[in-house]
Structures are given as structure tokens and as C-alpha cells.
Amino acid sequence: MTSALVVHDLHLAVRNGQVLLPILRGINLNLPQGEIHGLVGESGAGKTMLGRVILDILPPSAVITSGNVDYPAHRSSPSLNRKSAHRRRPHISLIPQDPLTSLNPVKRIGKQMGEILRLAHKDSSQQIHERAKQHLREVKIRNPGQVLQQYPHQLSGGMRQRVLIAMAFSTEPSIIIADEPTTALDVSVQQRVLRLIRDLQKERGTTILFVTHDLGVVAKLCDRVSLMHSGMILEQGKVSDVFQSPSHPYTRSLLEAIPRYDKPREKLSPVANDLQTQLIREADEYDRQRRV
Amino acid sequence: MSYPYLINRLLLALPTLAGAVTITFILLRVVPGDPIAMMTGPGATEADIAQLRAHYGLDQSIAHQFVIYLSQLITGDLGTSISLRQNVGELIAGRLPVTIELVVIAMLIAVGFALILALKGTFWRGRWPERLVDGFIGVTVAIPDFLWALSLILILGVAIPIMPIFGRMDLTISFDSWTNFYLTESLLRGRFEVTRSVLYHMVLPAVSLALPLMAITARVLKSCLNAEMNREYVTLARTQGFGRLKVIYSQALRNALVPATALSGVQFTFLIGGTVLVERIFGYPGIGNMAIDAVINRDLPLIQGLVLTFAILFILVNLLIDLFITFLDPRLRHV
Amino acid sequence: MSDGRADLPLTYRIVHEPRALFGLCVLGLMFLAAVLAPWLSPHDPLEQDLLSSFLPPSWKENGDPVFFLGTDNLGRDIASRLIYGARTALIVALIAATMAALLGTVLGMLAGFYGGKTDMLISRAVDIWMSFPAVLLSIVLVAVMGAGLHAVIIAIVIIDWTRFCRVIRAETMVQKERDYVSSAVTIGLTRVRILFQEVFPNLVPLLIVLLTLEMGIAIVVETILSFVGLSVASDTPTWGNLIQEGRQYIHQAPWLLGLPVACVVMAVLGLNALGDGIKEVIDPETRQ
Numbered sequence: 167m168t169s170a171l172v173v174h175d176l177h178l179a180v181r182n183g184q185v186l187l188p189i190l191r192g193i194n195l196n197l198p199q200g201e202i203h204g205l206v207g208e209s210g211a212g213k214t215m216l217g218r219v220i221l222d223i224l225p226p227s228a229v230i231t232s233g234n235v236d237y238p239a240h241r242s243s244p245s246l247n248r249k250s251a252h253r254r255r256p257h258i259s260l261i262p263q264d265p266l267t268s269l270n271p272v273k274r275i276g277k278q279m280g281e282i283l284r285l286a287h288k289d290s291s292q293q294i295h296e297r298a299k300q301h302l303r304e305v306k307i308r309n310p311g312q313v314l315q316q317y318p319h320q321l322s323g324g325m326r327q328r329v330l331i332a333m334a335f336s337t338e339p340s341i342i343i344a345d346e347p348t349t350a351l352d353v354s355v356q357q358r359v360l361r362l363i364r365d366l367q368k369e370r371g372t373t374i375l376f377v378t379h380d381l382g383v384v385a386k387l388c389d390r391v392s393l394m395h396s397g398m399i400l401e402q403g404k405v406s407d408v409f410q411s412p413s414h415p416y417t418r419s420l421l422e423a424i425p426r427y428d429k430p431r432e433k434l435s436p437v438a439n440d441l442q443t444q445l446i447r448e449a450d451e452y453d454r455q456r457r458v
Numbered sequence: 042m043s044y045p046y047l048i049n050r051l052l053l054a055l056p057t058l059a060g061a062v063t064i065t066f067i068l069l070r071v072v073p074g075d076p077i078a079m080m081t082g083p084g085a086t087e088a089d090i091a092q093l094r095a096h097y098g099l100d101q102s103i104a105h106q107f108v109i110y111l112s113q114l115i116t117g118d119l120g121t122s123i124s125l126r127q128n129v130g131e132l133i134a135g136r137l138p139v140t141i142e143l144v145v146i147a148m149l150i151a152v153g154f155a156l157i158l159a160l161k162g163t164f165w166r167g168r169w170p171e172r173l174v175d176g177f178i179g180v181t182v183a184i185p186d187f188l189w190a191l192s193l194i195l196i197l198g199v200a201i202p203i204m205p206i207f208g209r210m211d212l213t214i215s216f217d218s219w220t221n222f223y224l225t226e227s228l229l230r231g232r233f234e235v236t237r238s239v240l241y242h243m244v245l246p247a248v249s250l251a252l253p254l255m256a257i258t259a260r261v262l263k264s265c266l267n268a269e270m271n272r273e274y275v276t277l278a279r280t281q282g283f284g285r286l287k288v289i290y291s292q293a294l295r296n297a298l299v300p301a302t303a304l305s306g307v308q309f310t311f312l313i314g315g316t317v318l319v320e321r322i323f324g325y326p327g328i329g330n331m332a333i334d335a336v337i338n339r340d341l342p343l344i345q346g347l348v349l350t351f352a353i354l355f356i357l358v359n360l361l362i363d364l365f366i367t368f369l370d371p372r373l374r375h376v
Numbered sequence: 081m082s083d084g085r086a087d088l089p090l091t092y093r094i095v096h097e098p099r100a101l102f103g104l105c106v107l108g109l110m111f112l113a114a115v116l117a118p119w120l121s122p123h124d125p126l127e128q129d130l131l132s133s134f135l136p137p138s139w140k141e142n143g144d145p146v147f148f149l150g151t152d153n154l155g156r157d158i159a160s161r162l163i164y165g166a167r168t169a170l171i172v173a174l175i176a177a178t179m180a181a182l183l184g185t186v187l188g189m190l191a192g193f194y195g196g197k198t199d200m201l202i203s204r205a206v207d208i209w210m211s212f213p214a215v216l217l218s219i220v221l222v223a224v225m226g227a228g229l230h231a232v233i234i235a236i237v238i239i240d241w242t243r244f245c246r247v248i249r250a251e252t253m254v255q256k257e258r259d260y261v262s263s264a265v266t267i268g269l270t271r272v273r274i275l276f277q278e279v280f281p282n283l284v285p286l287l288i289v290l291l292t293l294e295m296g297i298a299i300v301v302e303t304i305l306s307f308v309g310l311s312v313a314s315d316t317p318t319w320g321n322l323i324q325e326g327r328q329y330i331h332q333a334p335w336l337l338g339l340p341v342a343c344v345v346m347a348v349l350g351l352n353a354l355g356d357g358i359k360e361v362i363d364p365e366t367r368q
């Protein structure tokens, strides 16, 4: 199968005054079309920055020092933006982390969805409204007409996340970056939202890069998984393989850190300090070798 | 944005208004200068002065005077001006339109340029034009309207004499106004030569009043915009295909306006207060200019009436600002 | 983000902040002019010389090098009058700003720290104050008290204490929630002691900034009152009086207005820059 997204040896640094601080250190990713790929790592690992590279919304201080992002399955004109590392860029959507702050608080849902749809279609307001309704129905919102009339603060967290998912799918993207989309939600709502994302993905064959720190979610949802630490991918493979026989000590310690209801008395084991230190040392060593 | 909210706001303003009235009244009664003596001149007899004093109620005790003043105030009677010997209400009503037109134009100038500066500054974030905008704001914000007025007179009135520096319009034009809203009225009556002259005379005083407000509003709005630009809904909008400029305009601006208006709101009242001096400097015939004459002449009823007018204007402006914020932010409407 | 200069002494960092340095220079010049006025001024500021009235500054045509910045309608030396004017400006700025700060800070601290009825009373008073046009109020006040420097100073204090009160009240409320206050309560310090010994030192940086800005405002108010004819006696050289006199001869001798306006603008810009500069140095949150 053709790849939807290929990240090749990507290095990225953030400029702080005169120095460049490395954030991503040689990331390689290859996502076949229709795959849900889990990207796991603790905060500061560089997950969000990787997502931003792919979305082409890097902050001005971030510099791509080498490598590139490619979309082999996508056949369109080359990107005009020469500064970015992108060869060709299909439409990529983002499902953001926090549904509370990701909707514009002063605009009705209908207006926000309409603005996005209008960028893609030259339809009358009536048609746009119908489209928006249809998209809301697809995310199992029962009263789309009413929701379109409402402001974000009038909706529950779960509803807002549904709206954001509807927005993400409404542009018919070939790739979606889901940036911890369930972290801010209630556990009971989480499951439904995950199922919704998976169902829509199956239906449309969208490729999803699912950023999370929750290995449980990865086990349920993803086909393959990459584990990140200090801007490097430590382990990559099929979810079943990685979970059953983790090869990297970091993966092992992460898997052990999951609290398990079937072994309640077992001591919760945090990722050992010396392992953290070792990983950071390895990252420094990597930087040193690259500089030489 | 409901009626109960409006009424509540107006009721809250009443004690403030009452306080302002009381304080001015008491302050003015301990004035050492004698308004009656000023009015009568050297030739007057003791009896004349006493008669006049009684006529204006100044022979009563302060408490008694206050009761009389309040009872008149409630019926809408502001008393009679001592120096101009006319009804204070009518005097103010005649001059108020002049000041209102000046203030409205000044506010429009201030808000318009503040928007441009803040939006441009945000768009140029991190590049050298942003520093230019910041520097301009920094210098402008420090100088009060009074000094702007004098500087503008020197620069555009004397050094390069291209702007009129005195009065409301050319004295050669005769315009028999019914309302004293020259600008509005001349437009409606099609007397465009009057409109032109009034606008021309308005430029320097309006700009003097507008510059400090413009600078402070631009500074506040710019920092609010920058804060909004880091919010997640803006990031999301960027991924949805909105360009940088469009994100600022159509996503961040309205959100930034809410705190920016709240923070710079009080500055709008400062602009109104600024008319006192700016009108004086430009010989502009509004209530501000009148107020200085009233103080110099110790014209108690007129000062009293003018302070009340200013207080009402201040309270109205604050109310409008509150309404504007509720209009902008739907979260405040449904509380 | 760590800043290597954060460990250096405060005065060093203030002197190395360009805006603060500019402000200090302006303030220093004013101070010198004020203290050394009798020695610096080439002439007696009140000495009239009707034969040499309306002389332009010496670098212009018809200028007389004896009168470096020219003379006014009565032939008085402008340079000397400006130097003596700095004296009045500085006296008013220092005394009025300090007194306004004192009054506003104490009330603001009480309102912010005790809350409840104290806060309501003080905040209400501030509200009422803010509903007056400040300029008109100051004019009325000076008219009430009679012209003179003391009246100007009292008027500034009565009007501008609210500037300090509002900001200090808000900051006190923030400080009150900090942990050091709760720990002071637990070790049994009295509330007054906590307020003045524990909270107050944390307000000082903010207070210095406000004080600097207020000095600029005080100079402007003094100018305004002189301009309206309500400050000190009109033969005393103050910048406001010079502006008032200069305005009458604006076409004939524009320098009579231009020079004092330039002095006030420089003083105000300098004090503002100083305030901004100090704020930048002491407030880590405004630093990136």
C-alpha cells in the first residue's frame, strides 16, 4: 500500500537567543494509508512539535535543520512554501487536545463550521448550513440544528469534542493529527469519543497520527505505535508486537507503569530516574556526534 | 444584555452621581471668592449686593442651600448662571452639542488608529516594524492631550501654517443652526461648505484628544491580541486553512476586544475630561471651555451644572462600554 | 527562562536599561537646574529689559548671544526663566507625588487587605472620584483654595491618590493570597503587622513605578494650572506661566511657547521612560 505520510530523518531545533536547542533528533515515520499510528511519549518528548511540523504551523522560533515530510499518496501541485520541509501538502486536519479552549468562544458553532466549509466549497449559505448539519449528524449529534445556533460555552465537553471532530473530518482530509483528543474528557465520554474517531476513520480510510501518553488507548485503537523520548523514536512497530515483547527498556518500564486492575496490590512503578537520566544523556551524546 | 441588567447598572450609577453632586456643592460653598462682588463691580451699594445675594439664595445656610438646590435639581432646574444671567440648563444645552461632536470624532479617530496599530503590530510580530509600532505607541502614550494641543499648534499652526488653530469654523460663513450640532446638521441640510469648515477646524483639537487614547488602546489591544494568538482555537484555525492575516481579523480580534475594552474603558472618560483644556487652547466653544470661564468667574450654579453634566457623560460612556463588552462576549449574556 | 543578568544588583540593571537611563538623565538635569538655578542662570529671571524684548534665540537672525534662548515681551531672559521653572516643577513633582502616593497606598492597602466594608467604602470613594473630570476638579479645587503652590500640591494629592489606591488595592489582594501571608498568620503576627511588615515590602517595586509616573503627571498638572492662571503668582517663572504668556505671542514669537512646551514634554517623556524602564527591570513577568 502507498504511504500517506513519510517523515524522513527530521531534525528540528528551537532558537533561543543565539543558541539552537534540539527538539527533534532524526525522526523517521512511515504511515500507510488508512493506518492509525500511535505516537506515545511523556510531555517534553517532542510529540506536539512533530505534529506541528506535519501541520505546517511551526512557531517562528522553530527551525527545521534537516530532513523532510512527504506525502507519497497525495498527487497535487508542489507546496509553494519553500521555507517548510514539505514537498506536497494534502489537507491535514487537527483534532486538538482541549475542547474547552479550541473553539472560538465568541462565535456560534454554525458560524465556525461555516467559515471552514466556505474555504473549501463555493456554496450558498443554505447549502453550507445543510452541510454543517450533516457533519454534526455524522458525529452522532442528535440535534444538529440547535447545536449550530449555540455558543461553545453552552455545550458540554464531550459535545465540544464531537464538534471539533466533525470540523476535522468536514474538510475531507487524507491525514488527521489527533493531539491527545481524549485527555481532557471524562472517562465515560472518552470511550465514546474514541469509538467515534475509529468509526469515522474506518468509513473514510483516513490516516491518523494519534498522539497520546496513554498506552491503554493505543492498545485499543492503533495499528502501529512509535515511542518517543527526548525527540527520538526509541521503538516502533505493530501494537501487538511492541506490547508483547518490548525491546527498549523505556517501553518496558512504561508498560509496567500502567496500573492494572487485575493486580491491584502490585506497587505502582514509576519510570526509574536513572533510566530518564540515561535517555537524556543519550540525546546529548547524539547531539555531540551530529555536531562533529 | 437584558433590561434588568441595564436598569441595575443605571441604579448603581445613582449613588456615584449623588456623591459627585454633594461633593461639588460643598466644595464650592467654601470658596473664598465672592461671586456677587465680582458681578456687581465697584459701584454697587451694600443694599444692592445684599439683594443680589438673596436673589441667588446665597444668604442662606449651606445646608438650606443644598436642600433648595436638590429640590430644584429633581425638577430638572439647574438654577441661573451668575455671570451670564441665564438658565444654566439652557446654557449647557446650547454648548453640549459642540463638545459631543468633538468627542465623538476624537473617539472615532482614536479607535480607528488604535485598531490599525494593534493589528499591524500583531501581524508584524517579532519583526522590526513591530518595534516601530511599539516605539511610536510608547512616545505617544506618555504625552497628555494638553501638550499635544500646544505642540500641534506650534507645528501645524505656526511653523507650517496649514491648519486653523482657533474656533469652531470660519467666521465668514454664516450658518443659522437650529440644534448646534453643526456637523450633523450641515450634512443633513446639504450645507457642505459648513461641514468642510467645521471638520477642518476640528482636526487639531480632535487629534490632540485622540492621541493619548489611541496610544493606550493600541497598547492594550495589541497585548490582548498577542495573548489570543497563542490560544488553541487560533492554532486550530491555522490548521483549517485560515491565513495569518485572516486568523487575526476573523478569529482573534473579537476575543481580544473584550479584555481590551474593559481595560481601556476608563481612558474614554479621560478623553471627555480632556475637552476642558483642549477646548480652551483652541478657543472651541464647548462645555469644557465654558467650565474654565465658570471657575474663573466663581459662577457657582454653572460650575455645579457643568460638573453634573460631565459626571453624567462619564457614567453614560462607562455604560456604553459595558454594553459593548456584553455584546462582544456571548458568555456574559447568558449569566 | 533564566536571565544571567538577574543576579546583578538592581541599580546596575536599571542604569543599563536604555529607557531608564534616559529617564535618569532627564531627572538629573532637572535636579541640577533646580538646585543650581541661581548659579546656572545667566540673568535674573525677573529682570526686565524693555529695550531688548522679543529677542529670538541667539542662533537665529537678530538673536543676541547675551540672551541665549531669547527674551519675552518684557525683555526677560527665557533661559533663566526655564531654569527657575524647573525648580518649581521638581518641587511640585516630588512633594505632590509623594503625598498622593502615601494617601493612596495606605487606603489601597487597607481596602485590599481587609476587604468587606472597608473595601466597599474606599472603592466607592474611588468610583465617585473617577466620575469627575480630573482637570476640571483640579481647577475647581485651586479656585477654592486660592492660587499658590501649596494649593496646586494639595489639588494634585486630592485628585491623584486614586491612581495609587486602585493599583495598590489590586496588588494587595494578589499578595494577600500568597503563601507567605498564610505562614505569617500561622506564626501569630497581628494583621496590621503583616500588612505593613510583610505585604508592604512586596508592593515597593510597583510603588516606585507609580511614583515615577505620577511625578510626570504632577508636572503636567502644575503646568495646566499655571496655564489657566491658577497656579503661583504670574510673575514667578514656572513652565506653565511661560506657556501661558507665550501663547499670546504665538505668531510674533513662537519660541516663547515652543521652548517651555519642549521642556515639559522632555520632563514627561523622561519620567515615563524611567517608570517603564524600572518596571521592565523589576517585573520578571514582562521580560520574555
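Residue numbers (my numbering), protein chains in the order written: chain A, 167 to 458; chain B, 42 to 376; chain C, 81 to 368.
The beta-carbon is built from N, C-alpha and C at its ideal position, and this holds for glycine as well.
Measuring alpha carbon to alpha carbon, tell me which residue in A:LEU285, A:LEU330 and A:LYS288 is nearest ARG303 (chain A). The count along the first sequence starts at 1 and reaches residue 303 (chain A) at position 137. Nearest of A:LEU285, A:LEU330 and A:LYS288 to ARG303 (chain A), Cα basis: A:LEU330.
Closest Cβ-Cβ distance between ALA352 (chain B) and chain C: below 7 Å? Within the second sequence, the letter at position 311 stands for residue 352 (chain B). Closer than 7 Å to some Cβ of chain C, the Cβ of ALA352 (chain B) qualifies, so yes.
Under 7 Å, Cβ to Cβ, is there at least one residue of chain B near VAL272 (chain A)? By 1-based counting over the first sequence, the position of residue 272 (chain A) is 106. With 7 Å as the cut-off, VAL272 (chain A) counts as an interface residue toward chain B.
Beta-carbon contacts of ASN267 (chain B) that lie in its chain and below 8 Å, excluding the five residues immediately before and after: Taking the first residue of the second sequence as 1, we reach residue 267 (chain B) at position 226. Excluding sequence neighbours, ASN267 (chain B) sits near THR163 and ARG166.
Quick one: what does DSSP say VAL305 (chain A) is sitting in, helix, strand or coil? Here residue 305 (chain A) is taken as the residue at index 139 of the first sequence, counted from 1. Residue state, collapsed to three classes: coil.
Classify GLN444 (chain A): buried if its beta carbon has 16 or more other beta carbons within 10 angstroms, exposed otherwise. Position 278 of the first sequence, counted from the first residue, corresponds to residue 444 (chain A). Exposed, because fewer than 16 other Cβ atoms sit within 10 Å of the Cβ of GLN444 (chain A).
Residues bridged to ALA228 (chain A) by DSSP? Here the question's residue 228 (chain A) lines up with position 62 in the first sequence. A:VAL180.
If the cut is a Cβ gap below 8 Å, which residues of chain A does TYR274 (chain B) touch? Residue 274 (chain B) sits at position 233 when you count from the first residue of the second sequence. Within chain A, the residues near TYR274 (chain B) are THR267, SER268, LEU269, ASN270 and PRO271.
Sort out for me which residues DSSP pairs GLU401 (chain A) with in a bridge. Stepping through the first sequence from its first residue, residue 401 (chain A) is reached at position 235. Paired residue(s): A:LEU393.
Proximal residues to LYS161 (chain B) (C-beta, below 8 Å), its chain only, five neighbours per side dropped: Counted from its first residue, the second sequence places residue 161 (chain B) at position 120. Cβ within range, chain order: PRO170 and VAL174.
Whole angstroms are fine: how far does the CA of ALA100 (chain C) sit from the CA of ALA293 (chain B)? Locating residue 293 (chain B) in the second sequence gives position 252, counting from the first residue. Locating residue 100 (chain C) in the third sequence gives position 20, counting from the first residue. Rounded to the nearest angstrom, the two C-alpha atoms are 33 Å apart.
Should LEU277 (chain B) be flagged as near chain A, meaning a C-beta pair shorter than 7 Å? The count along the second sequence starts at 1 and reaches residue 277 (chain B) at position 236. Closer than 7 Å: yes.
So what's GLY176 (chain B) in DSSP terms, helix, strand or just coil? Taking the first residue of the second sequence as position 1, residue 176 (chain B) is located at position 135. Helix.
At a CB-CB cut-off below 8 Å, which residues of chain A make contact with LEU369 (chain B)? Position 328 of the second sequence, counted from the start, is the residue given in the question as residue 369 (chain B). Neighbours of LEU369 (chain B) on chain A, chain order: VAL272.
Checking the sheet assignment: what are the DSSP bridge partners for GLY204 (chain A)? As a working note, residue 204 (chain A) is residue 38 in the first sequence. Beta-bridge pairing links GLY204 (chain A) to A:PHE376 and A:VAL391.
Rank B:PHE355, B:VAL139 and B:ASN338 by C-alpha distance to the C-alpha of GLU320 (chain B) and give the top, closest one. Counted from its first residue, the second sequence places residue 320 (chain B) at position 279. The option with the nearest alpha carbon to GLU320 (chain B) is B:VAL139.
CB-CB length for ILE304 (chain C) against GLY320 (chain C), believed under 8 Å: Taking the third sequence and counting its residues from 1, one reaches residue 304 (chain C) at position 224. Taking the third sequence and counting its residues from 1, one reaches residue 320 (chain C) at position 240. About 7 Å; that satisfies the 8 Å criterion.
Inspect the CB distances between the stretch 120–130 of chain C and the stretch 155–163 of chain C and report whether three or more fall short of 8 Å. yes
Once you ignore the five residues that flank ILE64 (chain B) on each side, which residues in its own chain have a CB closer than 8 Å to its CB? Counted from its first residue, the second sequence places residue 64 (chain B) at position 23. Hits under 8 Å: none found.
Residues in the stretch 341–352 of chain C with C-beta within 7 Å of chain B's C-beta atoms, listed in sequence order? VAL341, VAL344, VAL345, VAL348, LEU349 and ASN352
For the stretch 181–193 of chain A and the stretch 396–413 of chain A, state whether three or more C-beta atom pairs, one from each stretch, are separated by less than 8 Å. yes
With a threshold of 16 other CB atoms inside 10 Å of the CB of GLU234 (chain B), please say whether the residue is buried or exposed. Taking the second sequence and counting its residues from 1, the one referred to as residue 234 (chain B) is at position 193. Counting Cβ neighbours within 10 Å, GLU234 (chain B) comes out exposed, since fewer than 16 surround it.
Touching by the beta-carbon criterion (3+ pairs, under 8 Å), the stretch 275–282 of chain C and the stretch 338–351 of chain C: No: fewer than three Cβ pairs fall under 8 Å.
Could you tell me the distance, in whole angstroms, from the CA atom of PHE376 (chain A) to the CA atom of GLU346 (chain A)? Locating residue 376 (chain A) in the first sequence gives position 210, counting from the first residue. Locating residue 346 (chain A) in the first sequence gives position 180, counting from the first residue. Rounded to whole angstroms, PHE376 (chain A) to GLU346 (chain A) spans 7 Å at the Cα level.
Using a Cβ-Cβ cut-off of 7 Å, state whether LYS287 (chain B) counts as contacting chain A. As a working mapping, residue 287 (chain B) is identified with position 246 in the second sequence. No, its Cβ sits nowhere closer than 7 Å to a Cβ of chain A.
Chain C contact for THR57 (chain B) (CB, 7 Å cutoff): Working through the second sequence from its first residue, we reach residue 57 (chain B) at position 16. Taking Cβ atoms only, chain C reaches closer than 7 Å to THR57 (chain B), which makes this a yes.
For a contact meaning CB atoms closer than 9 Å, what does ASP240 (chain C) contact in chain B? Indexing the third sequence from 1 puts residue 240 (chain C) at position 160. By Cβ distance, chain B contributes nothing, its closest Cβ being about 13 Å from ASP240 (chain C), past 9 Å.
Where the beta strand (DSSP E) through ILE356 (chain B) begins and ends: Counted from its first residue, the second sequence places residue 356 (chain B) at position 315. Annotation for ILE356 (chain B): no beta strand (DSSP E) segment contains it, though the alpha helix (DSSP H) segment containing it runs 341–369.
Is the CB-CB distance between VAL305 (chain A) and LEU362 (chain A) below 7 Å? Counting from 1 along the first sequence, the entry for residue 305 (chain A) is found at position 139. Counting from 1 along the first sequence, the entry for residue 362 (chain A) is found at position 196. In contact: VAL305 (chain A) and LEU362 (chain A) (Cβ atoms closer than 7 Å).
Measuring CA to CA, which of B:LEU361, B:MET331, B:GLY314 and B:ILE362 is closest to SER122 (chain B)? Looking up residue 122 (chain B) in the second sequence gives position 81. The shortest Cα separation from SER122 (chain B) among B:LEU361, B:MET331, B:GLY314 and B:ILE362 belongs to B:MET331.
DSSP state of GLY228 (chain C), grouped into three classes? Residue 228 (chain C) sits at position 148 when you count from the first residue of the third sequence. Coil, per DSSP.
If distances are taken between C-alpha atoms only, which option among C:ARG249, C:VAL206 and C:VAL348 comes closest to LEU287 (chain C)? Taking the first residue of the third sequence as position 1, residue 287 (chain C) is located at position 207. The residue from C:ARG249, C:VAL206 and C:VAL348 with its alpha-carbon nearest to that of LEU287 (chain C) is C:ARG249.
LEU260 (chain A) CB to nearest chain B CB: under 7 Å? Translated into the one-based positions of the first sequence, residue 260 (chain A) becomes position 94. Yes - at least one Cβ of chain B is within 7 Å of the one on LEU260 (chain A).
Cβ contact check for the stretch 262–277 of chain B and the stretch 288–308 of chain B: 3 or more pairs under 8 Å: yes
Name, please, each residue of chain C whose Cβ falls closer than 9 Å to the Cβ of GLY314 (chain B). Here residue 314 (chain B) refers to the residue found at position 273 of the second sequence. Per Cβ cutoff of 9 Å: PHE212, PRO213, ALA214, VAL215, LEU216 and LEU217.
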